[in-house]
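Worksheet: one structure, shown below.
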Amino acid sequence: MPSNRHNEDVLDAARDCVLAYGVRRTTLTDVARRAGVSRMTIYRRWPDVRTLVGDLMTREWVRVIEGLDVASDPVKAVVEGVRALREHPLWRKIVEADPELLLPYLIQRRGASHEAILAVLERATGDARKARAVLLVAQSFLLSAPTMLDPVTLGDLDDELTALLEGYLG
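Going by my numbering, the letters in the sequence shown line up with residues 80 to 249, in that order.
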């Protein structure tokens with residue numbers, strides 16, 4: 080079994096490749112070359128680029144939520160999390176170049192990132208239903224806010240998200 084550090088090096092290489100080429104144009108050969116490992120090393124853990132990118136997205140999104148202080152101010156943390164994800168280079172690249180990659184996580188199934196975020200939100204709200212509602216609202220603001228600009232700004236929409244969550248979570 081490869082070491083955790085080895086997996087991190089591969090995920091770092093995958094991130095660099097996706098940022099440079101996009102998901103569709105990234106190959107496992109590109110990732111292996113950049114990570115300094117053989118293709119077989121990559122194939123032992125990830126059968127294809129989509130699986131590798133799924134693990135990469137989970138790592139990156141979980142890192143964002145780990146940096147939030149959800150316990151003391153869940154509303155502020157959720158809005159900061161939406162803002163941080165919206166500005167995250169990997170998020171921006173995927174939305175710009177390969178948005179179809181996100182579709183299964185929106186209409187078919189929850190991913191590992193969803194599970195991690197729900198765990199944090201459930202602890203903060205004490206309620207599984209509320210955690211899911213907050214995640215759905217936050218996800219909506221993350222994904223669709225850019226379509227609602229003019230005459231409002233992203234900052235205005237973040238203020239509205241804050242108001243919605245304050246009213247809901249009270």
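Backbone N, C-alpha and C fix where the C-beta goes; we use that ideal spot for every residue, glycine too.
Nearest to GLY190 by C-alpha distance, out of GLU87, ALA217, MET136, is MET136. Using a Cβ-Cβ distance cut-off of 8 Å, the segment 200-210 and the segment 170-190 are not in contact, since fewer than three pairs of beta carbons, one from each stretch, lie closer than that value. Cβ-Cβ distances below 6 Å link LEU240 to VAL158, PHE220 in the same chain, with the five nearest sequence neighbours on each side left out; the list follows chain order. Contact between LEU244 and VAL154 is confirmed by a C-beta separation of about 4 Å, below the 8 Å threshold. Here ALA217 has VAL157, VAL161 as same chain residues with Cβ atoms under 6 Å from its own Cβ, once five neighbours each way along the sequence are excluded. The C-alpha of ARG138 is placed about 10 Å away from the C-alpha of ALA195.
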